[in-house]
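Worksheet: the structure to be examined is printed underneath.
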Amino acid sequence: MAAWYYAVRSGYKPGVYETWDDCKRQVDGFSAAEFRKFKKKQDALKFIGSASSDAALYPEDESATAGSWVRNNLLKETNHKLREKPQFTLSRKNIVSTAIPVVYTDGACSDNGGNNAAAGIGVYWGKDDPRNVSERLEGKQTSNRAEIEACCRAVEQAIHFGMRKIEVRTDSAYVVNAITKWMNKWDENGMTRSNGQEVLNLIDLMRLRRLAERLEVTWKLVRGHSGNEGNEEADKLARLGTEKDAK
1 MAAWYYAVRS GYKPGVYETW DDCKRQVDGF SAAEFRKFKK KQDALKFIGS ASSDAALYPE
61 DESATAGSWV RNNLLKETNH KLREKPQFTL SRKNIVSTAI PVVYTDGACS DNGGNNAAAG
121 IGVYWGKDDP RNVSERLEGK QTSNRAEIEA CCRAVEQAIH FGMRKIEVRT DSAYVVNAIT
181 KWMNKWDENG MTRSNGQEVL NLIDLMRLRR LAERLEVTWK LVRGHSGNEG NEEADKLARL
241 GTEKDAK
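Going by UniProt numbering, the sequence shown opens with residue 1, and the numbers climb by one from there.
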């Protein structure tokens, strides 16, 4: 067991590290870095997933600079790689309207759980919409991770375009339940499940929650492969993503 756990909430590779040297590499020279040192791993995980923590800060010579979770530096994958700011071409004023925008998301993974797993994400805003996304998932290739990342991408786009509200429609009961029900219970259990086991895809889910806290998100579970046009199109985009080269 590590003597200390170093939680990097905003840095080159957000995550929990067991040595100061590993942590330092993620925050040195990073604008608006956020990190803290904890005795308990559960507290470190809480810090990454919440906006604040009552745990002690680093000593002054190792203290974090106050800063916001800015769009350019959001965590993309559980392997903690950061991606560049999306290169959208639509102007914000063309996107914001009085109606609540609706977006469909989906994740797909061929050979899920196998040695040749290939996962992709799909985000569908509408026919020929330039915001539609079809990409290969980075990091560990699983269907649930793809579902989470697709939702992350949709919410991130909404933030980029200045939307205040959004309705995310997904056929993943796993994502909807995790965000709307389970994570509150995990918070009470020190970011562990009720049986004490670690939560799978925790970093990905915490990233999604932090993104969703920046605007009003309505989560709607839809039935997959039932003729729903938006869901079917998102599924096509996700399956196309599985065929793209891994990054």
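Ideal Cβ placement from N, Cα and C applies to all residues, glycine included.
Check	Outcome
Proximity of residue 42 and residue 183 at Cβ, strictly below 8 Å	no
Sheet register partners of residue 109 (DSSP bridge)	119
For residue 224, the nearest candidate out of 241, 170 and 247 (CA to CA)	170
Beta carbon of residue 48 nearer than 8 Å to that of residue 206	yes
Sequence-distant residues of the same chain with beta carbon closer than 6 Å to residue 102, five excluded per side	167
Straight-line gap, residue 203 to residue 100 (C-alpha atoms, nearest Å)	28 Å
Inter-stretch contact at 8 Å, needing at least 3 Cβ pairs: the segment 140-160 / the segment 112-126	yes
Segment limits, alpha helix (DSSP H) that includes residue 146	143-160
Inter-residue spacing [alpha-carbon to alpha-carbon] between residue 124 and residue 226	16 Å
Where residue 24 sits in the DSSP three-state scheme	helix
Residue 12 beta carbon less than 8 Å from that of residue 30	yes
Residue 19 beta carbon near the ligand MG (any heavy atom closer than 7 Å)	For the structure depicted, the ligand MG is absent and the ligand set is empty, with no information on it obtainable.
Cβ separation of residue 135 and residue 46, assumed to be a contact under 8 Å, to the nearest whole Å	With 8 Å as the limit, residue 135 and residue 46 do not qualify as a contact, their Cβ atoms being about 30 Å apart.
Endpoints, beta strand (DSSP E) assigned at residue 185	Element bounds for residue 185: not the beta strand (DSSP E) but the alpha helix (DSSP H), 183-188.
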